[in-house]
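A.B. asks: In our numbering, the protein residues as written are 1037 to 1275.
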């Protein structure tokens, strides 16, 4: 991989809350077409890293997307640049229908003629959403709400998708389904940065991964290398 392939670059990222440093100067790159996984325990700084990239919290260091420094770009303009986020907790609008939630993600898009094709793409990936397109989102199951959150990110046509704990609170069968869909989305050309406590699944789908511990990257490598690493096995994969 060359520097020209770098889609997202994070350099010396630091995030603090009330003088407590949650992220302590981490650096990593995400290349075009990859799935990169950030794994670690609760409080390791994973979600803080994604929130910084999304412009939702203050930070120091440099975050660049396609070579463009994001520091002074408002969070609501990042979607138009090509950054889509599926937040922890899904963040859907429960009083709106499935279709209305999807439509909201398109408000900044200028290629309105492409929207029918993208709705069809989402409904092809998530047939259950098609069945429930007129249903209020708040009445969906947890798994269906997660599908809607991912579908909404797809409707924004981002070049990179930031996924924050997509398996949280889901039954094992739905966890496998969500990760199958993550692979499918990646194969259609979307680059993915994945934050996930389920280290086993996250590393199985990842091209590369990073281990965060108390705000510091302690290990990095390919997904398969980290799956086979004794330290990772002991700490995150149940020995």
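Here a beta-carbon is modelled for each residue, glycine too, at the ideal position from N, C-alpha and C.
The structure presented is a predicted model; accordingly, all values stated were derived computationally and were not measured.
If the criterion is Cβ atoms closer than 8 Å, does the pair residue 1191 and residue 1165 meet it?
C.D. replies: In the chain shown, residue 1191 corresponds to position 155, counting from 1. In the chain shown, residue 1165 corresponds to position 129, counting from 1. Not closer than 8 Å, so no.
A.B. asks: Does the Cβ-Cβ distance between residue 1121 and residue 1170 come in under 8 Å?
C.D. replies: Mapped onto the chain shown, residue 1121 falls at position 85. Mapped onto the chain shown, residue 1170 falls at position 134. Their beta carbons are not under 8 Å apart, which means residue 1121 does not touch residue 1170 by this criterion.
A.B. asks: If residue 1241 sits next to residue 1215, beta carbons under 8 Å apart, how far is it from one beta carbon to the other, in whole angstroms?
C.D. replies: Stepping through the chain shown from its first residue, residue 1241 is reached at position 205. Stepping through the chain shown from its first residue, residue 1215 is reached at position 179. At roughly 6 Å, the Cβ-Cβ gap stays under 8 Å, so residue 1241 and residue 1215 are in contact.
A.B. asks: Any idea if residue 1219 is buried or exposed, counting beta-carbon neighbours within 10 angstroms, 16 or more meaning buried?
C.D. replies: What you label residue 1219 is simply residue 183 of the chain shown in a count that begins at 1. Exposed, by the Cβ-count rule.
A.B. asks: So, for residue 1086: in the same chain, excluding its five sequence neighbours on each side, which residues have a beta-carbon less than 6 Å away from its beta-carbon?
C.D. replies: Reading the chain shown from its first residue, position 50 is the one you call residue 1086. Excluding residues within five positions, the ones whose Cβ falls inside 6 Å are 1198, 1200 and 1231.
A.B. asks: Taking all protein chains shown into account, decide if residue 1150 is buried (16 or more other Cβ within 10 angstroms of its Cβ) or exposed.
C.D. replies: As a working note, residue 1150 is residue 114 in the chain shown. Burial call: exposed.
A.B. asks: Quick one: grab the DSSP three-state call for residue 1216.
C.D. replies: If you number the chain shown from 1, residue 1216 lands on position 180. DSSP places residue 1216 in helix when its eight states are reduced to three.
A.B. asks: Going residue by residue through the region 1119-1207, where are the continuous alpha helix (DSSP H) segments of at least 4 residues, counting only ones entirely within it?
C.D. replies: Complete alpha helix (DSSP H) runs here, min 4: 1134-1140, 1151-1161, 1163-1167 and 1178-1191.
A.B. asks: Would you kindly work out how many angstroms separate the C-alpha atoms of residue 1254 and residue 1084, rounded to a whole number?
C.D. replies: The residue given as residue 1254 occupies position 218 in the chain shown. The residue given as residue 1084 occupies position 48 in the chain shown. Answer to the nearest angstrom: the Cα atoms are 17 Å apart.
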